[in-house]
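Colleague: Mapping to this note's numbering: the first sequence position 181 is 172, numbers consecutive. All residues carry an ideal CB built from backbone N, CA and C; glycine is no exception. Fair warning: this is a prediction, and the values are worked out from it, not measured in the lab. I'd like to ask some things about the structure below.
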Amino acid sequence: MHPLGWDSFGMPAENAAIKHGIHPAVWTRANIQEMKGQIQKMGISYDWDREIATFQEDYYRWNQWLFLKMWERGDVFRAHRNVNWCEELGTVLANEQVVDGKDERTGFPVVQKPMEQYFYAISKYSQELLDGHDQLDWPENVKAMQRHWIGRSEGARLSFDLATGEQIQVFTTRLDTLFGVSFMALSTEHPVIEEAAKADPGLKAFCDQVAGMSREDRLMSDIKLGYRSTVEAVHPFTGEKVPVFAANYVLMDYGTGAVMGVPAHDERDHAFAKKYGVSITQVIAPVDGHEVKAEDCFADEGILINSGEFTGLSSEAAVDAMVAKLGDRAEKAITFKLKDWGLSRQRYWGTPIPTIHCPTCGVVPEKAENLPVRLPEDVEFHGRGASPLTTSRAFLDCTCPACGAAATRETDTMDTFVDSSWYWMRYLDPKNDQAPFAKAESDAWMPVDLYIGGIEHATMHLIYARYFYKVLRDLGMVSGDEPFKKLICQGMVLKDGFKMSKSKGNIVDPDEVIARYGADALRLFMIFAAPIEKEIDWTGFEGIEGATRFLKRVTRMVDEHVVCGEELPAKDQLSKEEKELLRKLHLMIHRITDDLETRYSFNTLVSGLMELANALGDLPADAPHRGPVMQHALSAFVRMLSTAAPHLAEQLWEQLGGQGFVMHATWPEAQEAYMSAEEVTVVVQVNGKVRGRVTLSPSATEDERRAAALACPEAQAHLAGKEIVKVVIPPGGKLISVVVKNP
RNA sequence: GCGAAUGUGGCGGAAUUUGGUAGACGCACUGGAUUUAGGUUCCAGCGGUUCACCCCGUGCGGGUUCGAGUCCCGCCAUUCGCACCA
-8 MHPLGWDSFG
2 MPAENAAIKH
12 GIHPAVWTRA
22 NIQEMKGQIQ
32 KMGISYDWDR
42 EIATFQEDYY
52 RWNQWLFLKM
62 WERGDVFRAH
72 RNVNWCEELG
82 TVLANEQVVD
92 GKDERTGFPV
102 VQKPMEQYFY
112 AISKYSQELL
122 DGHDQLDWPE
132 NVKAMQRHWI
142 GRSEGARLSF
152 DLATGEQIQV
162 FTTRLDTLFG
172 VSFMALSTEH
182 PVIEEAAKAD
192 PGLKAFCDQV
202 AGMSREDRLM
212 SDIKLGYRST
222 VEAVHPFTGE
232 KVPVFAANYV
242 LMDYGTGAVM
252 GVPAHDERDH
262 AFAKKYGVSI
272 TQVIAPVDGH
282 EVKAEDCFAD
292 EGILINSGEF
302 TGLSSEAAVD
312 AMVAKLGDRA
322 EKAITFKLKD
332 WGLSRQRYWG
342 TPIPTIHCPT
352 CGVVPEKAEN
362 LPVRLPEDVE
372 FHGRGASPLT
382 TSRAFLDCTC
392 PACGAAATRE
402 TDTMDTFVDS
412 SWYWMRYLDP
422 KNDQAPFAKA
432 ESDAWMPVDL
442 YIGGIEHATM
452 HLIYARYFYK
462 VLRDLGMVSG
472 DEPFKKLICQ
482 GMVLKDGFKM
492 SKSKGNIVDP
502 DEVIARYGAD
512 ALRLFMIFAA
522 PIEKEIDWTG
532 FEGIEGATRF
542 LKRVTRMVDE
552 HVVCGEELPA
562 KDQLSKEEKE
572 LLRKLHLMIH
582 RITDDLETRY
592 SFNTLVSGLM
602 ELANALGDLP
612 ADAPHRGPVM
622 QHALSAFVRM
632 LSTAAPHLAE
642 QLWEQLGGQG
652 FVMHATWPEA
662 QEAYMSAEEV
672 TVVVQVNGKV
682 RGRVTLSPSA
692 TEDERRAAAL
702 ACPEAQAHLA
712 GKEIVKVVIP
722 PGGKLISVVV
732 KNP
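Next comes the structure, spelled out in structure tokens:
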């Protein structure tokens, strides 16, 4: 199965609509039509019966259906999270639309504002997403990126008492440094800080300042900012008072939003303590005993010092001992960086989230039988303000599915990553109007054998896709754990070192290239230029001209060949050159088949075809059985050529008298009988250097090989007068290595 | 800073699994043939060198081995990803 679909919701269509006043649906349909035309001209063998488009209601209704299923299972929740809010535009912006804290287009200021949104609870699957990598034949760098993204870290959770009787919980990977705690750093959004700010105008101002910083500024700035609150915590072992700071470097959405500050053994805490004059206490000494200056930071594990009864323990042993001693106050814990997936978008061009706001029942899911919640197309675009859904009465007005009272429809739409998180399942059953897909189809086809996509999808899309598959499994809809067995990340085609883009004007129009050179030459060049996962820099037309030359030569070869229906004579009747050609042919069938089916090495597949064409051209014109030998070889050659140059291959196949379409013809089979040779050239090495060659029968014995090597005339100069230490004859029969030394 | 990958002719790149003839195939270039000429096509050459021989050569330095582009150790460089994750 080789399907294609159109991931067609999202910002490009909406932006085009705002900019040019075209409706996103019109723009989207026009684009799909154009791209489909180009793909068809290239002769790519997609199965158009399975074509899908995510903006159509027969697709997105199943996004909604899955949302409801996940809602039932408790995989959906609502929570507040900051968004990029632009007051002047009255809308939310994506991260990439915000530059220097301003809207990229209008320059209006953008601030962080908490907004209630829908989330998929992907973090429940953190551990499983990590473990699943073992069964995946994926590039190592992609797995590494995902591991990073999921970000598992082992440590402990621990509570500090406050003077007020409340507690602050922290997560730390270095519980062994507990005696070095000289301050606490809390996120400005931490409840304890928010509470303290009510009575402390200075703290309030600090928190507002940090909140006003754009996400970018916050991440980019190396400067540690803090504000000492009036709150103090109590050290669980020493009972000492520890100051509590609000700090910009502590993130509310990781761990507990609070950090125990250990300046002597953590770089960040160290920088912060220096700036705010907090004391630095060393509690870990290096294992190798080297001296650490009192003012320096030592972040490795080691041996505990200045740590009361724990002094002398190793870092590892100290963690266990402390957890035991702290009792209810501490426990070992694992934290992940992976955050729950916020899927709300305050935009128009996406799948409407199928919920309803009822004045009495609150947020209620729509009933499954009322799906789809249609995205209305008769709305106005003015390029400002909120999504048109918020002003469309026809869309908004509805009744509550729970109590039947008048209610309002949700106006948020789904992140387009939802669309792309299960689309490949829809290919299996694209016309199904009872379910997203039938289990029988899934069991018959899944998992996907080969998934090809850009490296830019290494984290987001490929994690969401794996997550959805696990949810589908838990819903009983699929049987496996992982959707994509093998992954290849395809390289891009660049122009002059840059990604092609219309705005930069560095575009090579495929239609033009096809008009000039043909689709076959373009395909051949593109797959030959580099391995599939590498980028190709399109510097000029020399490469494609080379491909054209090859295709012309092949065409000429078939034109000049007189079609021959004669049987191929028995091998022993063929001339030496004929046997040699057939040997090359069958060896090459073997190699090309391997390149195609197991190695996915298409550039060497093409070079193999070229080598084979060279060999065909070398057969003497007066070879005694030229007709049947060429017929046999060309027939196999053209069938293999059809993978790279399908259009020309069809024509040549017909010229050769082939039945039906070459696409449907059986793949040539590499026959052992033709691969063997009566004589092979064997390399003679002396002390590892190639010194000569001898011709031997493949069945020559070890003794015969040894004798031939020692008698090799070119090697004599390096053998004469030397003591023969040994003769190595490795398996494979292609080489004999003689080891000598001066007597 | 952390993580991953990659370093092979003028260029894109080959060298499969388990160490065994480095530079396949193509581009560019050079010379020749055909042609009034250009283009096309065909033939030959094309890592370096003191150029039949020998020697050197897969980022650098070591090591293992009869033999290393491939394996091990230590560097260097480039690219990509993540980046205050406690």
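1. Which residues in the same chain have their Cβ closer than 8 Å to the Cβ of ALA561, if we skip the five residues on either side of it in sequence?
2. Just tell me which of ALA635, GLY293 and LEU542 has its CA closest to the CA of ASN594.
3. Look up ALA237 in the DSSP assignment and give the residues it is bridged to.
4. Quick one: give me the first and last residue of the alpha helix (DSSP H) that GLU5 is part of.
5. Taking all protein chains shown into account, do 16 or more other C-beta atoms lie within 10 angstroms of the C-beta of PHE46, making it buried, or fewer, making it exposed?
6. Just verifying my parser: in three-state terms, what is the DSSP assignment at GLY537?
7. Answer with buried or exposed for ILE817, where buried requires no fewer than 16 other C-beta atoms within 10 angstroms of its C-beta.
8. Relative to the alpha-carbon of ASP279, which residue among HIS226, SER270 and ILE294 has its alpha-carbon at the smallest distance?
9. Would you report the Cα separation of PHE475 and TYR442, rounded to the nearest angstrom?
10. Please classify VAL554 as buried or exposed, where buried requires at least 16 other C-beta atoms within 10 Å of its C-beta.
11. Could you spell out the range, first to last residue, of the alpha helix (DSSP H) harbouring PHE516?
12. On the DSSP bridge assignment, give the partners of LYS493 in chain order.
13. Let me check understanding here. Comparing Cα to Cα, which of MET416, TYR245 and HIS71 lies closest to ALA431?
14. Would you kindly work out how many angstroms separate the C-alpha atoms of ARG259 and TYR240, rounded to a whole number?
15. Tell me the DSSP bridge mates of ILE294?
16. With DSSP run on the structure shown, which of helix, strand or coil describes TRP76?
17. Rounded to the nearest angstrom, what separates ALA393 and GLU357 at their Cα positions?
18. Please determine, among ASP287, HIS281 and LYS266, the residue with the shortest C-alpha to C-alpha distance to THR272.
19. Between the C-alpha atoms of ILE214 and GLY268, what's the straight-line distance to the nearest angstrom?
20. Once the 5 residues before and after LYS735 are set aside, which same chain residues still bring their CB inside 6 Å of it?
21. Where does ALA323 sit, in a helix, a strand or coil, going by DSSP?
22. Decide if LYS422 is buried, meaning its Cβ has at least 16 other Cβ atoms within 10 Å, or exposed.
23. What span of residues does the alpha helix (DSSP H) with ARG400 cover, start to end?
24. For a test of the three-state rule: what should DSSP assign to HIS348, helix, strand or coil?
25. Say whether the region 298 to 313 touches the region 66 to 77, bearing in mind that this needs 3 or more beta-carbon pairs closer than 8 Å, one atom from each stretch.
26. For the candidate residues SER173, GLU401, VAL225 and GLN337, whose alpha-carbon lies nearest to that of LYS265?
27. Closest to PHE263 by CA distance: which of ALA238, ASP244 and VAL274 is it?
28. Pull up the distance between the alpha-carbon of LYS713 and that of LYS680, whole angstroms please.
29. Rounding to the nearest angstrom, what Cα-Cα distance links GLU551 and TRP658 in this structure?
30. Could you tell me the alpha carbon to alpha carbon distance between GLY171 and LYS328, rounded to whole angstroms?
31. Any idea if ALA255 is buried or exposed, counting beta-carbon neighbours within 10 angstroms, 16 or more meaning buried?
32. Does the distance from the C-beta atom of ILE518 to that of VAL597 stay below 8 Å?
33. Thinking ARG336 and MET243 are a contact (beta carbons under 8 Å), I'd like their distance in whole angstroms, please.
34. Going straight from the alpha carbon of VAL102 to that of GLU79, what length do you get?
35. Can you tell me the Cα-Cα spacing of VAL484 and VAL499, whole angstroms?
Modeller: Let me lay it out:
1. Numbered from 1 along the first sequence, position 570 holds the residue referred to as residue 561. If we look at ALA561 and ignore the five residues flanking it on each side, it has no Cβ neighbours.
2. By one-based count along the first sequence, residue 594 stands at place 603. For ASN594, the closest alpha carbon among the candidates ALA635, GLY293 and LEU542 is that of ALA635.
3. In the first sequence, residue 237 corresponds to position 246, counting from 1. Its beta-bridge partners are LEU177 and TYR218.
4. What you label residue 5 is simply residue 14 of the first sequence in a count that begins at 1. GLU5 -> alpha helix (DSSP H) spans 2 to 11.
5. Working through the first sequence from its first residue, we reach residue 46 at position 55. With 16 or more Cβ atoms within 10 Å of its Cβ, PHE46 is classed as buried.
6. Taking the first sequence and counting its residues from 1, one reaches residue 537 at position 546. In the structure shown, the three-state DSSP call for GLY537 is helix.
7. Residue numbering for the chain in the displayed model covers -8 to 734; residue 817 lies beyond these limits and cannot be assessed.
8. Within the first sequence, the letter at position 288 stands for residue 279. It is ILE294.
9. Residue numbering aside, residue 475 sits at position 484 when the first sequence is read from its first letter. Residue numbering aside, residue 442 sits at position 451 when the first sequence is read from its first letter. C-alpha separation (whole angstroms): 6 Å.
10. Start at 1 with the first residue of the first sequence, and residue 554 comes out as number 563. VAL554 should be labelled exposed.
11. Numbered from 1 along the first sequence, position 525 holds the residue referred to as residue 516. 510 to 520 is the span of the alpha helix (DSSP H), which, as asked, contains PHE516.
12. What you label residue 493 is simply residue 502 of the first sequence in a count that begins at 1. LYS493 is not bridged to any residue.
13. The sequence position of residue 431 within the first sequence is 440, counting from 1. ALA431 has its Cα closest to that of MET416, out of MET416, TYR245 and HIS71.
14. Here residue 259 refers to the residue found at position 268 when the first sequence is read from its first residue. Here residue 240 refers to the residue found at position 249 when the first sequence is read from its first residue. Those two C-alpha atoms are separated by around 8 Å.
15. By one-based count along the first sequence, residue 294 stands at place 303. DSSP lists ALA276 and SER305 as partners of ILE294.
16. The count along the first sequence starts at 1 and reaches residue 76 at position 85. Reduced to three states, the DSSP call for TRP76 is strand.
17. The residue labelled residue 393 in the question sits at position 402 within the first sequence. The residue labelled residue 357 in the question sits at position 366 within the first sequence. So the alpha carbons of these two residues sit roughly 9 Å apart.
18. Looking up residue 272 in the first sequence gives position 281. Residue ASP287 is the option with its Cα nearest to THR272.
19. Taking the first sequence and counting its residues from 1, the one referred to as residue 214 is at position 223. Taking the first sequence and counting its residues from 1, the one referred to as residue 268 is at position 277. Distance between the alpha carbons of ILE214 and GLY268 is about 15 Å.
20. Given a span of -8 to 734 for the chain in the structure shown, any question on residue 735 remains unanswerable.
21. Working through the first sequence from its first residue, we reach residue 323 at position 332. According to the sequence provided, residue 323 is Lys. The question's Ala does not apply to it. Residue state, collapsed to three classes: strand.
22. Looking up residue 422 in the first sequence gives position 431. By the neighbour-count rule (16 or more Cβ atoms within 10 Å), LYS422 is not buried but exposed.
23. Here residue 400 is taken as the residue at index 409 of the first sequence, counted from 1. ARG400 -> not in any alpha helix (DSSP H); beta strand (DSSP E) instead, spanning 397 to 400.
24. Numbered from its first residue, the first sequence carries residue 348 at position 357. Looking at HIS348 - three-state DSSP - the assignment turns out to be strand.
25. no
26. On the first sequence, residue 265 is found 274 positions in, with the first residue counted as 1. The candidate whose alpha carbon is nearest that of LYS265 is SER173.
27. Within the first sequence, numbered from 1, the residue matching residue 263 stands at position 272. With distances taken between Cα atoms, PHE263 lies closest to ALA238.
28. The residue you call residue 713 lines up with position 722 of the first sequence. The residue you call residue 680 lines up with position 689 of the first sequence. Distance between the alpha carbons of LYS713 and LYS680: 15 Å.
29. By 1-based counting over the first sequence, the position of residue 551 is 560. By 1-based counting over the first sequence, the position of residue 658 is 667. Those two C-alpha atoms are separated by around 24 Å.
30. As a first step, residue 171 is located in the first sequence; it is residue number 180 there, counting from the start. As a first step, residue 328 is located in the first sequence; it is residue number 337 there, counting from the start. The C-alpha of LYS328 is placed about 26 Å away from the C-alpha of GLY171.
31. In the first sequence, the residue the question calls residue 255 occupies position 264. Looking at its Cβ environment, which holds 16 or more other Cβ atoms inside 10 Å, ALA255 is buried.
32. By 1-based counting over the first sequence, the position of residue 518 is 527. By 1-based counting over the first sequence, the position of residue 597 is 606. For ILE518 and VAL597, yes; Cβs fall inside 8 Å.
33. Residue mapping note: residue 336 aligns to position 345 of the first sequence, counting from 1. Residue mapping note: residue 243 aligns to position 252 of the first sequence, counting from 1. Contact doesn't hold; Cβ gap of about 22 Å is too wide.
34. Position 111 of the first sequence, counting from 1, holds the residue named residue 102. Position 88 of the first sequence, counting from 1, holds the residue named residue 79. Answer to the nearest angstrom: the Cα atoms are 11 Å apart.
35. One-based indexing of the first sequence puts residue 484 at position 493. One-based indexing of the first sequence puts residue 499 at position 508. Looking at the two C-alpha atoms, the distance is approximately 10 Å.
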